[in-house]
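> So the sequence shown is numbered by my numbering: it starts at 44 and just counts up by one. Just so you know, even glycine gets a beta-carbon here, dropped at the ideal spot from N, CA and C. None of these values were measured; they are calculated from a predicted model. Before we start, here is the structure in question, set down as structure tokens.
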Amino acid sequence: QVQLVESGGGLVQTGGSLRLSCVVSVNIFEFNSVGWFRQAPGKERESVATITLGGRIDYAASGEGRFTLSRDTTKNTVYLQMNNLKPEDTAVYYCRAAVLRRFYWGQGTQVTVYS
């Protein structure tokens with residue numbers, strides 16, 4: 044059974060940093076991609092950053108230059124380092140693993156940025 048567990052969210056002031064972690068219960072190389080998504084209140088869920096099986100990383104424009112995705116294959120863990128956070132980054136952040144047309148989601152971790 045595939046499980047994804049996120050952690051690292053919290054309350055942070057504008058300009059602060061957080062590091063999110065996503066631990067996958069199976070080998071992350073089982074998936075075509077693993078990534079981070081977020082959903083703010085009243086808004087649709089959107090992609091933040093994803094990494095493919097081959098290691099290519101794609102960032103949404105909203106986080107480029109501030110967010111860094113990385114992975115530790117020995118721990119089946121994907122990280123999202125978020126720097127220079129802004130109030131508009133406030134959202135629930137979800138980890139997603141994708142293989143073919145199947146998607147697996149974590150339960151989410153709340154990130155709140157106050158000014």
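Counting only the same chain and skipping the five closest in sequence on each side, list residues whose C-beta sits under 6 angstroms from that of Ser-113.
As a position in the sequence shown, residue 113 is number 70, starting the count at 1. Result list for Ser-113: Tyr-122, in chain order.
> So, for Gly-59: in the same chain, excluding its five sequence neighbours on each side, which residues have a beta-carbon less than 6 angstroms away from its beta-carbon?
Position 16 of the sequence shown, counted from the start, is the residue given in the question as residue 59. Closer than 6 angstroms at the Cβ level, and outside the excluded window around Gly-59, lie Leu-128.
> Between Val-77 and the rest of its own chain, which residues show a CB-CB distance below 8 angstroms, the 5 nearest in sequence each way excluded?
The sequence position of residue 77 within the sequence shown is 34, counting from 1. So the list reads Cys-65, Val-67, Ile-71, Thr-93, Ile-94, Arg-114, Val-121, Cys-138, Arg-139, Ala-140 and Ala-141, once near-sequence residues are dropped.
> Around the C-beta of Ala-104, are 16 or more other C-beta atoms found within 10 angstroms, so that it is buried, or is it exposed?
As a working mapping, residue 104 is identified with position 61 in the sequence shown. Ala-104 is classed as exposed because its beta carbon has fewer than 16 other beta carbons within 10 Å across all chains shown.
> Between the alpha carbons of Gly-53 and Gly-97, how many angstroms are there, rounded?
Residue 53 sits at position 10 when you count from the first residue of the sequence shown. Residue 97 sits at position 54 when you count from the first residue of the sequence shown. Going from the Cα of Gly-53 to the Cα of Gly-97 covers about 31 angstroms.
> Roughly how many whole angstroms lie between the Cα atoms of Ala-134 and Lys-118?
Residue 134 sits at position 91 when you count from the first residue of the sequence shown. Residue 118 sits at position 75 when you count from the first residue of the sequence shown. Approximately 26 angstroms, taken between the alpha carbons.
> Looking only at its own chain, which residues have a Cβ that is under 8 angstroms from the Cβ of Gln-44, when we skip the five neighbours before and after it?
Counting from 1 along the sequence shown, the entry for residue 44 is found at position 1. The answer, listed in chain order, is Ser-68.
> Classify Arg-81: buried if its beta carbon has 16 or more other beta carbons within 10 angstroms, exposed otherwise.
Locating residue 81 in the sequence shown gives position 38, counting from the first residue. Classification of Arg-81: buried, given that the 10 Å Cβ count is 16 or more.
> Are the beta-carbon atoms belonging to Leu-63 and Tyr-136 less than 8 angstroms from one another?
Taking the first residue of the sequence shown as 1, we reach residue 63 at position 20. Taking the first residue of the sequence shown as 1, we reach residue 136 at position 93. Yes, Cβ-Cβ distance for Leu-63 and Tyr-136 is below 8 angstroms.
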